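Going left to right, the sequence shown walks through residues -24 to -1, 1 to 87 as mature numbering (1 follows the signal peptide of the UniProt record, and there is no 0) numbers them.
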Amino acid sequence: MKHRHIAASFALAASLLATSSSFAAGASGIIHFSGMIVEPPCSFALDTPDLANGRVRADCPRPATGQIAFVDAASQQAIKTTTFTQASRAIVLPSRPGNNHAPMIAVVTYQ
């Protein structure tokens, strides 16, 4: 008896899905997107462990352009800003007064 009840429930659900108006409408429509793409198109790495002559290399798996700004971590002031593309050579780290190796932040903005 239970098996008949379950089978009848499945049959009813299947018939309702088959006649659903959403299936009859076809495959058309408009998708609206709002938000941000959170996967960056490039990754950045130091070319050499020698920070005095350090360079940052962009590795972009697809075409990309943007700016990289080097900011002093303590003062939040920009030290150097440069543009890059996926074909850019290594970006030279900015020199600091007195060969100061204070922490810097690299801010990447994609265009």
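Beta carbons are placed, not taken as given, at the ideal position from N, Cα and C, and that holds for glycine. Computed from a predicted structure; not experimentally measured.
For the pair Ala3 and Pro79, the Cα-to-Cα distance works out to about 54 Å. With respect to Val68, Arg38 sits apart: the two C-beta atoms are not nearer than 8 Å. The beta carbons of Ile44 and Thr58 sit closer together than 8 Å. DSSP places Leu22 inside the beta strand (DSSP E), whose first and last residues are Ser19 to Leu22. Gly5 is classed as exposed because its beta carbon has fewer than 16 other beta carbons within 10 Å across all chains shown. The Cβ atoms of Thr61 and Thr41 lie closer than 8 Å to each other.
Burial state of Ala34 is buried, judged by a 10 Å Cβ sphere holding 16 or more other Cβ atoms. One alpha carbon belongs to Asn29, the other to Ile7, and they sit about 49 Å apart.
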